[in-house]
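Counting along the sequence shown from 1, when you hit position 149 you're at 149 in our numbering, and nothing is skipped either side. Note that beta-carbon positions come from the ideal geometry of N, C-alpha and C, so glycine has one too. Presented below is the structure to which this report refers.
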Amino acid sequence: MNYFLAQALNNQWANHRLLGACAQLSEADYAAPRTGFFPSIQATLCHILEVDRYYLTALEGDRDGQIKDFSETLAFAQLMHNQTRTDQRLVAFCEALREDDPARSVDLVRADGVVRERIDRLLLHLFEHQIHHRGQVHAMLSATHVEPPQLDEFFLDCDRRFREDEEQLLQLDERRVWREYLPG
């Protein structure tokens, strides 16, 4: 199986669920001060997007692009559009990985200079980052009128009935996940 593609597709699905719940908020509730690492749902979702864009730019080999300021405060509709496109980029990147690619290194532009990082480690970091901050938004939603969505599912056969509609909407074909890496 392509582990990284499985994570990217699960990430896309979880973001879809979370953003679907957040779409029920008013812009005022979206931006309202809340308790969390970031002070609002808006700030947390914008941070997730910012970090996704930064690491994807690095993974795609664009050193100059990493220097761009990715931090933006976005209205919900724009954030949802941008996150959806970024999730699709991450899925495409992971689907294109070949057997030796995860061990390759890419340049990561940091405040104190350029460092080399392995693709597999950057991807694992990125997925962990997403899970961490989605959980914070989930907790913040608990203080609103919107019920937080189920986010801790993966692609288990026994849970398929709970995700069939979302899989069709996202055009998520699990057969893409459960395959071997393609040869070099």
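Val114 counts as exposed, since fewer than 16 other C-beta atoms from the protein chains shown sit within 10 angstroms of its C-beta. DSSP places Arg110 in the strand class (E or B) of the three-state scheme. Within a 10 Å sphere around the beta-carbon of Phe37 sit fewer than 16 other beta-carbons, which makes this residue exposed. Sixteen is the threshold: when 16 or more other Cβ atoms of the shown chains lie within 10 Å of the Cβ of Ala21, as they do, the residue is buried. Under the three-state reduction of DSSP, Arg118 is assigned to strand.
Straight-line spacing of the CA atoms in Ala8 and Ala28 works out to 31 Å. Spatial neighbours of Ala6 in its own chain (CB-CB distance under 6 Å, excluding positions within 5 residues in sequence) are listed in chain order as Val177. Of all C-beta pairs linking the stretch 48 to 57 to the stretch 83 to 91, three or more are shorter than 8 Å, placing the two stretches in contact. Its Cα nearest to that of Cys94, the residue Phe127 stands out among Gln24, Phe127 and Asp157.
The beta-bridge partner set that DSSP reports for Ser40 is empty. In this structure Phe70 does not touch Ala23 by the C-beta definition: roughly 23 Å separates them, more than the 8 Å allowed.
Taking the CA atoms as reference points, Gly61 sits about 22 Å from Glu72.
Taking the Cα of Gln171 as reference, the smallest distance to any Cα among Pro148, Gln12 and Tyr3 is reached at Gln12. Here Thr35 is exposed. Its C-beta has fewer than 16 other C-beta atoms within 10 Å.
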